[in-house]
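Protein chains in written order, with this note's numbering: chain A, 8 to 341; chain B, 131 to 442.
A short write-up of the structure that comes next.
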């Protein structure tokens, strides 16, 4: 079990309120991702759940039990930190054993759990090494191993992949997702990377300045962003937001169209512009176009190869059915 | 060939200077330790100038080894150094952990804590032996008298009086006495050098990883476990450094021993050298060679220990 509920939780550091009253429910077995730009309060929120920060007001409930005043170790949660936070003078074996040792578990039990964790994380050959002798990915796996052996009701991940290089990050992303599918334990994952959020989450919580902008499944957020912030944050490359005359034509203050929903042509189309930079990825071509009224530059994603170069004139036609409309407060218009 | 010899040539002045610096005093000491050389002798005036014709072989060494104070001085050197190291490291760790938390007046407290280190050793000794440890006029005498007076007063109370009349009268301890003068030196040097340990441990504590602590909290480690399994191993290296530096300094303690008891009941090798050097330079030099050997033995032990912590 691992249902986590935040009930009107607030957090202030001195006079500054970083999290205004916030309600959130994470179901048992769910993979929830907190995503937002840096400084949006997502890590603070995670630390409130872990108990590493005290709430200023409001309640934290785990499985319907109020744990607001319960010490971090008694909440039954495991946390994986961005810097791994391994104990540098202990071997991998001792690192993984540490929570069990603190809980006073017997040696045989510890050994069995270490073995199981090491096998599932490919760490068997490294058990007698120290963290300093491991690569970043291996260290992160040790940190996960240390979290697993506690049999927590939920895992908390605080930007666990930020210190890894791009290739490793993709691999670890898959490993963590697979681990979740296998264990079916609640996981809360904090990241600033919307790709991680989109690929891993059952439920994404988009935060800005301590306020939840939208909660929903990845595709929900992609297809129906509730406001301009979510629209701009989710999706890569970013959604094009157009203001002014073109938006008014559609009866909105701002209209948004994703780069993949604009058709690009060298001969004819609704809007006209000149090519700034074309990024050829092989599978796709991202073209940045200047001169479209209300949006400069506009990014367009063309499938496959699309040969244009700097200064070429191109014509764009948005798919009007997939247009997002927002009012002057930035909220979605249906 | 030539691109190697030029740098070597340029290094030579420095190397030669260093060699002279080390070798001249050492070889002079060795030379004096093998001849009869005294500052004043009316019957044998030829011994007052160093010369190979006064060759004594290992006679000086034999004389030192057979002198009644030699073994005692070695034991006492080790006792003093060991006790000071033990006390400064323990107090240093405790105080450093205590003041590592932020509290109002932190800056002032830190400066005050470090101030004993700026007191000169001789002043430190005079201060302690006369003003604090003195059995009559020092704080110790006053405190013991105060306690005795208080107990005497309590003896006349109705109910508890019988209980307190069983208590003995406390005697102040004379720290200049043969049996206690070494402890006086240990106390005052510990007081002076604990700030050094605190200073080093404090800077090390500030570099402790906070996420590791948070991870340990989530892993269920209490305050003691965090200290035992995270802070103490983190302090391993600074402890080794403090031990090594202090060992070097305390093997050559002199001023404190001189001021506390003039060597009464409390000699170390440097003090013994000083005593011989009043007249018998040959014996003093032989003791100096023994001191070099002792320092090297201690250094080898310490280097082994520190080498181990650095390996980790």
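In this text, a Cβ means the ideal position worked out from N, Cα and C, and glycines have one as well.
The Cβ atoms of residue 277 of chain A and residue 306 of chain A do not sit closer than 9 Å to each other.
Contacts with chain A at 9 Å (Cβ-Cβ) include residue 360 of chain B.
Burial is judged here by how many other beta carbons sit within 10 angstroms of a residue's own beta carbon; residue 322 of chain B has at least 16 and is buried. Residue 305 of chain A is bridged by DSSP to A/296.
The alpha carbon of residue 224 of chain B has as its nearest neighbour, out of B/325, B/436, B/287, B/267, the alpha carbon of B/325. When the Cα atoms are used, residue 245 of chain B and residue 328 of chain B turn out to be separated by approximately 11 Å. Under the Cβ criterion of 9 Å, residue 167 of chain A is not counted among the residues facing chain B. A check of alpha carbon separations from residue 199 of chain A across A/237, A/330, A/83 identifies A/237 as the nearest. Taking 4 residues as the minimum length, the alpha helix (DSSP H) runs contained wholly in the region 241-288 of chain B are 251-256, 269-285, in order along the chain. Between residue 167 of chain A and residue 133 of chain A, the CB-CB gap reaches or exceeds 9 Å.
It is roughly 7 Å from the alpha-carbon of residue 326 of chain A to the alpha-carbon of residue 270 of chain A.
Three or more pairs of CB atoms, one per stretch, sit closer than 8 Å, so the region 258-274 of chain A contacts the region 302-322 of chain A. Contact between residue 419 of chain B and residue 159 of chain B holds: their C-beta atoms lie close to 6 Å from each other, under 8 Å. About 16 Å separates the Cβ atoms of residue 112 of chain A and residue 154 of chain A, ruling out a contact at the 8 Å cut-off. Residue nearest to residue 265 of chain A within the set A/126, A/131, A/232 is A/232 (criterion: CA-CA distance). Chain-order list of chain A residues neighbouring residue 141 of chain B: empty, with the shortest C-beta distance near 36 Å, by a criterion of under 8 Å. Using a CB distance cut-off of 9 Å, residue 366 of chain B counts as an interface residue toward chain A. Taking CB atoms only, residue 59 of chain A has a neighbour in chain B less than 9 Å away. Of all residues in the region 175-194 of chain A, none is placed with a Cβ closer than 9 Å to any Cβ belonging to chain B. At a cut-off of 9 Å, the C-beta of residue 93 of chain A has a neighbouring C-beta in chain B. Taking 9 Å as the threshold, the shortest C-beta distance from residue 85 of chain A to chain B falls below it.
With respect to chain A, the C-beta atom of residue 376 of chain B has no partner C-beta closer than 9 Å. The beta carbon of residue 345 of chain B sits closer than 9 Å to some beta carbon of chain A.
The beta-carbon of residue 313 of chain A is placed no less than 9 Å from the nearest beta-carbon of chain B. Under the three-state reduction of DSSP output, residue 118 of chain A falls in the helix class.
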